[in-house]
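Contents: one structure, followed by commentary.
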Amino acid sequence: MTDRLSELQAAGVAIWLDDLSRVRLSSGGLDKLRREQHVAGVTTNPTIFAKALSDADEYNWQLRDLATRGVEFEEAVRMLTTYDVRWACDVMRPSYDKSAGVDGRVSIEVDPRLAHESERTVAEAKALWWLVDRPNLFIKIPATEAGLPAITATLAEGISVNVTLIFGLDRYSQVMEAFLAGLEQAKANGHDLSKIGSVASFFVSRVDTEVDKRLEKIGSDEAKALRGKAAVANAQLAYERYSEVFGSDRWKKLADAGAHPQRPLWASTSTKNPDYRDVIYVEELIAPGTVNTMPEPVIHAYADHGETRKDTITGSYDAARKVFTDLEAVGVDMADVIATLEREGVEKFEASWLELLDGVKKSLAEAGKGTGQPNRAAKGNAKAAEQAGGNA
1 MTDRLSELQA
11 AGVAIWLDDL
21 SRVRLSSGGL
31 DKLRREQHVA
41 GVTTNPTIFA
51 KALSDADEYN
61 WQLRDLATRG
71 VEFEEAVRML
81 TTYDVRWACD
91 VMRPSYDKSA
101 GVDGRVSIEV
111 DPRLAHESER
121 TVAEAKALWW
131 LVDRPNLFIK
141 IPATEAGLPA
151 ITATLAEGIS
161 VNVTLIFGLD
171 RYSQVMEAFL
181 AGLEQAKANG
191 HDLSKIGSVA
201 SFFVSRVDTE
211 VDKRLEKIGS
221 DEAKALRGKA
231 AVANAQLAYE
241 RYSEVFGSDR
251 WKKLADAGAH
261 PQRPLWASTS
271 TKNPDYRDVI
281 YVEELIAPGT
291 VNTMPEPVIH
301 AYADHGETRK
311 DTITGSYDAA
321 RKVFTDLEAV
331 GVDMADVIAT
341 LEREGVEKFE
351 ASWLELLDGV
361 KKSLAEAGKG
371 TGQPNRAAKG
381 NAKAAEQAGG
391 NA
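In the UniProt record's numbering, the protein residues as written are 1 to 392.
Structure representation (structure tokens):
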């Protein structure tokens with residue numbers, strides 16, 4: 001039987017799971033994916049945690065203890081999520097050790113409401129780093145304008161970073177600059193660069209969703225012929241920039257000091273349009289030194305019928321540029337597309353975070369019945385809810 005995931009891995013693509021839950025951990029499901037499906041990393045986000053914590057049964061014992069102590073729900077969220085991430089880091093530790101720290105990583109995101117506040121993002125990144133206290137952790141920081149200096153400052157502290165919500169090429173270049181500057185500062189601060197990891201999460205399917213919507217509105221035959229092409233072209237050109245930056249003399253100096261490159265990670269790889277091949281954002285984005293983080297159904301789909309070619313990115317750059325020329329010709333403003341996606345990406349994660357907070361607040365209140373602490377917890381939670389609403 002063909003092991004398609006092994007072939008994908010051999011082509012230079014690290015296979016990561018875009019999901020995490022207490023059920024997946026307690027059942028041994030994550031470890032099974034690591035052992036049998038070549039999964040070498042895990043990514044999470046507020047939406048994933050909101051879904052996971054909606055299954056309160058798996059968290060009841062912890063919620064009861066937190067309610068008994070009268071813990072406010074924002075602190076409770078951090079305790080619950082960091083517990084799961086710490087557990088996942090331990091499950092993935094064999095992959096981390098086997099790859100000398102390149103893979104086996106698990107990501108946790110800073111509060112998305114801080115996306116436009118640099119100093120508070122760095123402070124939370126540092127807090128999450130010592131809360132989880134595992135060397136194979138990644139702290140996810142969004143690639144907003146305020147996120148860029150936070151990325152540099154966090155790396156300078158010797159903390160590994162997953163840069164998330166990257167949609168455009170220019171912002172991606174800024175992310176790589178922030179990474180290089182962060183490693184240079186980390187080196188000056190005396191940190192061992194070989195222990196610091198980073199990936200740049202370049203979102204894929206959402207680009208097609210937004211561009212295709214605009215092409216449908218334009219409605220011409222030329223416009224409709226371009227549907228489903230923007231996302232792959234965008235990612236291919238991102239890899240071209242990656243190759244240029246990590247082939248530079250500036251990077252060589254850091255590599256000589258033990259640094260690992262910041263790998264491009266293809267995120268949002270589930271196909272949103274049912275007319276498209278379900279593994280298109282895996283098959284068309286195969287190249288050495290990349291990561292593809294997939295929901296479990298996409299992993300299984302690729303294992304069943306994915307087609308691995310040696311490299312589907314290198315050499316595609318001229319064709320990818322033509323896609324963007326053609327998009328401009330039919331009236332698609334890609335700068336506006338990218339700005340829209342970044343804004344909506346932050347808003348969606350903020351909404352999921354507030355959903356998560358609200359769910360934990362309700363679960364704490366329910367768990368607190370009979371503990372003798374519901375009034376104390378409710379008062380603290382009400383105050384935190386008011387603050388959360390003001391920050392959203």
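Beta carbons are placed, not taken as given, at the ideal position from N, Cα and C, and that holds for glycine.
- By the criterion of a C-beta distance shorter than 7 Å, S316 is surrounded in its chain by Q236, once the five residues flanking it on both sides are discounted.
- Between the stretch 13 to 30 and the stretch 68 to 77, the count of C-beta pairs closer than 8 Å stays below three; the two stretches do not touch.
- Here S107 is buried: its Cβ has 16 or more other Cβ atoms, across all protein chains shown, within 10 Å.
- In this chain, the alpha helix (DSSP H) harbouring I48 covers P46 to A52.
- Per the DSSP secondary-structure output, T82 pairs with nothing in a beta bridge.
- By the neighbour-count definition (other C-beta atoms within 10 Å, threshold 16), R35 is an exposed residue.
- C-alpha of A231 to C-alpha of V204: approximately 5 Å in a straight line.
- The continuous alpha helix (DSSP H) containing M334 extends over residues M334 to G368.
- Per DSSP, reduced to three states, the secondary structure at K140 is strand.
- The beta-carbon separation of S95 and A40, rounded to 5 Å, stays under the 8 Å limit for a contact.
- For L285, no beta strand (DSSP E) encloses it, and the DSSP letter there is neither H nor E.
- Looking at the backbone, the Cα of A143 and that of V175 are separated by about 7 Å.
- Non-local C-beta neighbours of I166 in its own chain, meaning closer than 7 Å and more than five positions away in sequence, comprise A143, Y172, V175, A200, S201, F202 and F203, ordered along the chain.
- Shown here for R93: same chain residues with a beta carbon closer than 7 Å to its own, the five before and five after excluded, namely G104 and N136 in chain order.
- Judged by beta-carbon spacing, T312 lies beyond the 8 Å limit of I280, meaning their Cβ atoms are not closer than that value.
- The secondary-structure analysis by DSSP pairs V232 with nothing; it has no beta-bridge partner.
- Your pair A127 and L356 does not check out as a contact, with CB atoms roughly 17 Å apart and the cut at 8 Å.
- The Cβ neighbour count for E328, taken over all protein chains shown within 10 Å, is under 16; the residue is labelled exposed.
- The DSSP assignment places 263 to 267 and 290 to 294 as complete runs of the beta strand (DSSP E) inside the stretch 260 to 336, in order along the chain (cut-off: 3 residues).
- Here S95 carries a helix assignment [DSSP, helix/strand/coil].
- A188 and S198 have their alpha carbons spaced roughly 18 Å apart.
- Per DSSP, the continuous beta strand (DSSP E) segment holding T164 begins and ends at V161 to I166.
- Per DSSP, I196 is not a residue of any beta strand (DSSP E), being assigned neither H nor E.
- A distance below 7 Å between beta-carbons, with the five flanking residues on each side excluded, links G289 to the following residues of its chain, in chain order: G12, P261 and R263.
- Counting every other CB atom within 10 Å of its CB across the protein chains shown gives N45 a total of 16 or more, marking it as buried.
- Distance between L20 and P295, taken at the CA atoms: about 10 Å.
- Pairwise C-beta distances place the stretch 177 to 184 out of contact with the stretch 209 to 218, as fewer than three of them are shorter than 8 Å.
- Under DSSP, S201 takes part in a beta bridge, and its partners are L265.
- For V71, no alpha helix (DSSP H) run applies, since DSSP gives it neither H nor E.
- Burial state of R214 is buried, judged by a 10 Å Cβ sphere holding 16 or more other Cβ atoms.
- In the DSSP secondary-structure assignment, S107 is bridged to F138.
- When the alpha-carbon of A233 is set against those of N162, D84 and M334, the nearest one is in M334.
- Counting the other CB atoms within 10 Å of its CB gives E109 a total of 16 or more, which places it among the buried residues.
- Going by beta carbons, G359 and S26 fall outside the 8 Å limit.
- Across the set D133, Q185, I139 and E307, the C-alpha of I139 shows the shortest separation from the C-alpha of V122.
- Looking at A365, L226 and I299, the one whose alpha-carbon comes closest to that of Q9 is I299.
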